[in-house]
Amino acid sequence: MLKLRLANSPLLTLTSLTALLTLAPACNGDDTASTSATDGDTDTDTDTTGGQNTLPTTTATASAGTTTDATDGETTSPTTTDATTDATTDATTGTTGTTGDTDTAGTDTDTTTGGVDDGFPVMVGDVGPISENNPRQHPFACRAQDMDLGMPEIDNDEGIGLPIKDDNDEILGYSRDCGVKTRVDYFYMSDPPPDNGGLQPYDPDNPPDDVAMIEIGGEMHKYIVRYERGTINRFVYGISMIAPDDVDPNKPDLSAWNEKLIFWFGGGVGIGHQQSSGLAVNRLRNNAADNPTKDGPLFQPLLEQGYAIAYSSGTVTDTTYNLGLTGETAVMVKKQFEKMYYQPKFTFGLGGSGGAIQQFIYEQNHPDLLDGLVPTHAYPDMIGQTTRVGDCERLEYFFDVTDAPNPKWTSWENREKIEGLNGVDGYKDSGWDFFMQGKPIGSSAGPGSTECIEGWRGLTPLAINPLWVNIEEDSYALLLATEPEAVATTAWSYWDDLSDIFTADPDSQKGYARRTWDNVGVQYGLQALLDGDITKGEFLTLNAKVGGYLHPDDMVQEGFPYASQDPNELDPWSARNSTVSLQLDVAPRTEGDVEAMNEAYYAGLVFLGEIDAPIINILPYLEPELDMHNSKQPFAVRQRLIEGKGDANNHAIWAVSGDNAEVMMAAMEAFVQLEQWLIDGEKPADVTDRCYDAGYKLLAEGDDVWSGVLTADANDDGACVAPYPIHSGSRMIAGEDITTDIFKCETKPLATALDDGTYGDIKWTPNELDYLDMIFGESGVCDYSKPDVGRPDGI
């Protein structure tokens, strides 16, 4: 038999991993009563209703191993244990037999529970619960049928949701909540392994004779993977582990488990109304087993170390960014693991982009969910990104159209001096160069581009315009085919997706949700003015003409290349939905709703930095690619930790090149270090800040390698800053610090700003002062030394 000796192998080689932690953009979940044990002796939680509650006799060590590259294969249909096959145990032989329909019929009509602790474990053949806090959004595209889980259960006869039909195409009923019965599938590694290195379907009734053996924690085990799926809180979840002797799907075999659970969170930007985005569908369907390094519940390098993996389409931000709903979903999925399997010794978070944001927000809101965090491609939160990213199109429109005659803006590096985000003259790989001009469509600049475009373009209309629908294509097609009237009356924006949190705007005649976006008093380009990079006239024109966004009631459908396919409707900047479209001498700024900002804090959507769990923050350096996951974000996280609890001693930043294999290598090492950190109760001496070159060779490590990033002294740059320079942002250029946690700045009178040194040594002429007064005389200018106006007292 083939022996895969993994427990004592060296760290993963570059060629062995191509895991992609973030596949979709993200600017990129919520419970109250989950516990995460700190040792293996906590609460055996014996439950006679089901679930294996006996610890394994051997425990795997958390060392990394090797695997082989693979390409995607064809979809397979493994043997399934569900409501139609009930496994019986032969304690002598350890085999599994089927005895027919002896399982439960499932809760097909109403699975609402009183809270996140109710309804567990979900047994094979049952439908998982829905929290009473779930807003049960409608319309809601069911996608479980696209994950090899069959059609969802009928839960109403009122015509709400997906029609469920018989073989004669007759409607039997409807599924609003998209619940499917829990099932367990099995996969195995063959000896010899297939060319793609993937797993194959395993039939426990007819076990193949080519099952490979794998060493975990010094013990040899059959390489058989148990893969449980079902629905919890309306979303599809998956739990996997190597379970070599699983004789009863309701009592998992834990003999190969290392007592640690990894909750893998996914990224992307979604605005709800779907059970799953395409990203999560691709990770939860059967053919994910064909690819050994597809990120998600069947990621072989983690399974081969003895980890259990939990995943949910509801904890992928490409599905929705309602982190209240998704956080509670995460807690419920973990509750299923605790009740069906066992209380993990440690639970680690893993995920990039929106998957990183989830870790910070969930640790803040539900501190018992995770014990250690491994965020990659990180931002501190999502809602703070909406504020700053919304500046991009307003600034790009100013450069491309309003002030296009100014030759200064033909340089992308000059644009960076206003936007802060990286701009590269001569950049050749623009995804927006539709007409092969060497630059993005509609740009008045020379060849090149900026992160504002390559990283963020398209997300502004996605987030702000309630008329533009941009959910996953298959989800949208399903909704259009089944509930077109509901689709037509749905508001498709970030804030409307979270209407249960933000509530309706009393000023909206169309019932749209309150919004947080605000740029009143923001002095765009202030630092560029002080540095002499722009003139006084350019500063004044910029701030007079940049504008803001229209009230959603006044927005219209997007132009080309979004809703319209007519190039004559060119508007990549969403200018038609900006106040610039009003053609006034001074384009009005947008004032956010302070109550909405308050609710964002109350709901825990803002990362406050008040968490103590150990964090190893992996920073893939993607600035040369103008990727949205820019390099300053982990330092924003660090500064929030410092401001939230007085220090960032629980936070290490490891920078690697943008290679995804290197990211995963760092993550695998991080799990080992986090475990030691938790066992010892203190940070290991070698868990310090560090950076690696392209090739994963250590460049520098220590507490001072990022010196200068959080200070104004550029001469104090640490050893990692030179190879990995950190860029800025538009609000930082306007005076905000790297914490970037202000929804709405407190303003000071213009007269005060003219006297207190805000403008340095600049001397204004009377005409310039009049113009400055036209722009900021009524609103005042931002005083970033003051706290966020949107932050409620006591938070």
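Mapping of the sequence shown onto the working numbering: residues -1 to 793, in sequence order.
We put the beta carbon where it would ideally sit given N, CA and C, even for glycine.
{"Check": "Buried versus exposed, by CB contacts within 10 Å (16 or more), His649", "Outcome": "buried"}
{"Check": "Burial state of Ser428 (16 or more Cβ within 10 Å)", "Outcome": "buried"}
{"Check": "Backbone secondary structure at Lys332 - three-state DSSP", "Outcome": "helix"}
{"Check": "Cut-off 6 Å between Cβ atoms - residues of its own chain near Trp571, not counting five sequence neighbours on either side", "Outcome": "Glu391, Glu394, Tyr395"}
{"Check": "Extent of the continuous beta strand (DSSP E) to which Pro161 belongs", "Outcome": "160 to 163"}
{"Check": "Tyr474 - containing alpha helix (DSSP H), residue span", "Outcome": "471 to 480"}
{"Check": "Thr313 and Thr291 closer than 8 Å at C-beta", "Outcome": "no"}
{"Check": "Opposing strand residues paired with Glu699 [DSSP bridges]", "Outcome": "Arg688"}
{"Check": "Nearest candidate by alpha-carbon position, reference Glu589, set Met218, Gly523, Asp516, His549", "Outcome": "Asp516"}
{"Check": "Pick from Leu748, Asp164, Ser238 that is closest to Gly519, judged by C-alpha positions", "Outcome": "Leu748"}
{"Check": "Collapsed DSSP secondary structure at Thr501 in the structure displayed", "Outcome": "coil"}
{"Check": "Cα-Cα separation, Gly530 to Pro405", "Outcome": "16 Å"}
{"Check": "Simplified DSSP state of Arg789, which is helix, strand or coil", "Outcome": "coil"}
{"Check": "CA-to-CA distance, Thr487 to Pro161, given in whole angstroms", "Outcome": "20 Å"}
{"Check": "Beta-carbon proximity of Leu478 to Val485, cut-off 8 Å", "Outcome": "yes"}
{"Check": "Closest by C-alpha distance to Val707, when choosing among Glu699, Glu680, Ile736", "Outcome": "Ile736"}
{"Check": "Per-residue DSSP class, three states only, for Gln357", "Outcome": "helix"}
{"Check": "Start and end residues, beta strand (DSSP E) containing Leu170", "Outcome": "169 to 173"}
{"Check": "Contact set for Arg386: own chain, Cβ-Cβ below 8 Å, skip 5 residues either direction", "Outcome": "Gly727, Ser728, Arg729, Thr738"}
{"Check": "Gly679 classed as buried or exposed, judged by whether at least 16 other C-beta atoms fall within 10 angstroms", "Outcome": "exposed"}
{"Check": "Proximity of Met626 and Lys742 at Cβ, strictly below 8 Å", "Outcome": "no"}
{"Check": "Tyr200, buried or exposed, once every other Cβ within 10 Å from all chains shown has been counted against 16", "Outcome": "buried"}
{"Check": "Beta-carbon contacts of Gln507 that lie in its chain and below 8 Å, excluding the five residues immediately before and after", "Outcome": "Asp551"}
{"Check": "Strand pairing of Gly780, partner residues [DSSP]", "Outcome": "A small correction: the amino acid at residue 780 is Cys; Gly does not occupy that position in the sequence shown. Note: Cys780 sits in a beta bridge opposite Thr745."}
{"Check": "Alpha-carbon spacing of Tyr377 relative to Leu170, whole angstroms", "Outcome": "46 Å"}
{"Check": "Classification of Asp583 by the beta-carbon crowding that lies within 10 angstroms, buried from 16 upward", "Outcome": "exposed"}
{"Check": "Close-in-space but distant-in-sequence residues of the same chain around Pro295 (CB under 6 Å, 5 per side omitted)", "Outcome": "Gly236, Ser238, Ile307, Tyr309"}
{"Check": "Reference Gly535; option with closest CA among Pro612, Thr763, Ile724", "Outcome": "Thr763"}
{"Check": "Beta-carbon separation (whole angstroms), Ala692 vs Ser655, contact threshold 8 Å", "Outcome": "4 Å"}
{"Check": "Glu556 versus Ser274 - alpha carbon distance", "Outcome": "25 Å"}
{"Check": "Terminal residues of the beta strand (DSSP E) in which Asn615 lies", "Outcome": "613 to 619"}
{"Check": "Whole-number beta carbon distance between Gln272 and Arg141, since they are thought to touch under 8 Å", "Outcome": "6 Å"}
{"Check": "Alpha carbon of Asp702 to alpha carbon of Arg636, nearest angstrom", "Outcome": "14 Å"}
{"Check": "Member of Gly228, Ala210, Gly215 whose CA lies at the smallest distance from the CA of Gly221", "Outcome": "The sequence given here places Tyr at residue 221; Gly does not occur at that position. For Tyr221, the nearest C-alpha among the options comes from Ala210."}
{"Check": "Beta strand (DSSP E) segment containing Val223, residue limits", "Outcome": "222 to 230"}
{"Check": "Spatially closest choice to Leu697 from Leu676, Val719, Lys681, by CA coordinates", "Outcome": "Val719"}
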